[in-house]
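Here's the structure, in structure tokens; my notes come after.
Residue numbers (mature numbering (1 follows the signal peptide of the UniProt record, and there is no 0)): -17 to -1, 1 to 208.
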């Protein structure tokens, strides 16, 4: 008779343990932060740049990906604990860093991730003239280990406007940017798909040779009507 009742009891406890594992509370702490250069947030492609969080002390030592928003901010839901925050090699428009940032999360935490960008967009301004949206801006070289490849302007219907989310764009190669101490200009014609809209958003960005991601200006709303 003992064998008849032992197996169901064992199965019950295995099932209970599995349920407890499945019903583990979701992470309740929030890590927020910014990707910055000299304390200023960098404009990026929305979710185009990824950071990595690592936490030791577990059987599976795997990364937690953290995607950065277009204004350089990021956030992640985590369990309390000690983490290491690193840049993903070759992912951002800045020089690679091999060191990590120690982050202690207890209920919540805030952290700035300092980077060394190759170039920056400075003093960007936009205007409309008829069917054209015009930009004026400066390009600042910060890290000279990568040469300038191009500057590019984007317009789109939404605030999320970048190299993969746009309705129109224009660019100039480095050869056409002879004096970086002077303001540069770009213009984009409003495409027919946006001609009836009340407004568009515009951004300019700069790209270094051999680097996939760009550094952007903040998006600006341009009224069409």
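Even for Gly, the Cβ is constructed at its ideal location relative to N, Cα and C.
Assuming residue i contacts residue j under a Cβ cut-off of 8 angstroms, what Cβ separation, rounded to an integer in Å, is found between them?
i           : j           : result
residue 95  : residue 16  : 6 angstroms
residue 71  : residue 24  : Residue 71 to residue 24, Cβ: 18 angstroms. No contact.
residue 183 : residue 138 : 5 angstroms
residue 64  : residue 88  : 6 angstroms
residue 179 : residue 150 : Going by Cβ atoms, the distance from residue 179 to residue 150 rounds to 12 angstroms, so no, they are not a contact pair.
residue 12  : residue 75  : Going by Cβ atoms, the distance from residue 12 to residue 75 rounds to 25 angstroms, so no, they are not a contact pair.
residue 266 : residue 116 : As shown, the chain starts at -17 and ends at 208. That puts residue 266 outside it, with no answer to give.
residue 123 : residue 103 : 4 angstroms
Is residue i helix, strand or coil when you go by DSSP?
i           : result
residue 61  : strand
residue 158 : helix
residue 143 : coil
residue 126 : coil
residue 106 : strand
residue 38  : coil
residue 100 : strand
residue 29  : coil
residue 91  : strand
residue 68  : strand
residue 150 : coil
residue 9   : coil
Starting from residue i and walking both ways along the beta strand (DSSP E), at which residues does that stretch end?
i           : result
residue 135 : 131 to 139
residue 79  : Neither: residue 79 is in no beta strand (DSSP E) and is coded neither H nor E.
residue 72  : Note, residue 72: premise wrong, no beta strand (DSSP E); not H, not E.
residue 85  : 84 to 88
residue 50  : 47 to 51
residue 17  : 12 to 20
residue 204 : 203 to 206
Taking buried to mean at least 16 other C-beta atoms within 10 Å of its own C-beta, is residue i buried or exposed?
i           : result
residue 112 : exposed
residue 190 : buried
residue 198 : buried
residue 81  : exposed
residue -9  : Residue placement at residue -9 is poorly supported in this model, since its pLDDT is 43, which falls under 50; the coordinates still yield a value, given next. Exposed, because fewer than 16 other Cβ atoms sit within 10 Å of the Cβ of residue -9.
residue 167 : buried
residue 37  : exposed
residue 131 : buried
residue 27  : buried
residue 107 : buried
residue 5   : Note that residue 5 scores a pLDDT of 48, beneath 50, so its modelled location is shaky; the value from the coordinates is reported in the next line. Residue 5 should be labelled exposed.
residue 73  : exposed
residue 181 : exposed
residue 66  : buried
residue 48  : exposed
residue 53  : buried
Segments assigned beta strand (DSSP E), at least 3 residues, entirely inside the region 153 to 199 | 167 to 172 and 182 to 191
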